[in-house]
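Report on one structure; see the data block that follows.
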Amino acid sequence: PLALYYFDDHRERIERVLNETVSGGVTVNDTILHIAQDDLPFGGVGPSGMGRYHGFEGFETFSAKKAVFRQSRLSGIGLFKPPYGRLFRLLTRIIMR
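With positions in the sequence shown counted from 1, the corresponding number in the numbering used here is that position plus 14.
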């Protein structure tokens, strides 16, 4: 569900509800303040919606992460790909000693 609203003053029952339920958010002893907290993530689980749309979580939800690797021009990987040159043969002789 998107949200769970639970009304109780008994601390152990509140903790049990928090630990044993799944929802996008939980508000204890209130309703409307759930969405009014703009620094808390807001979004549901399952069919009630996916994602988090407030604060930093909202920024991450709408950001596409991309892995980027940039190979330096001074890469030594060319030494290990054919055609092998004099430097490769020299390094091979040094390593094989």
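Every residue gets a Cβ at the ideal spot worked out from N, C-alpha and C, and that includes glycine.
Remember, it's a predicted structure, so these values are computed and weren't measured experimentally.
Host beta strand (DSSP E) of residue i (start-end)
i	result
Val31	First-last for Val31: 25-34, but that is the alpha helix (DSSP H), not the beta strand (DSSP E).
Thr41	40-42
Element boundaries [alpha helix (DSSP H), containing residue i]
i	result
Leu104	100-110
Leu47	47-50
Closest residue to residue i among the options (Cα-Cα distance)
i	options	result
Val36	Leu18, Asp22, His48	Leu18
Residue i - DSSP class collapsed to helix/strand/coil
i	result
Leu16	coil
Phe73	helix
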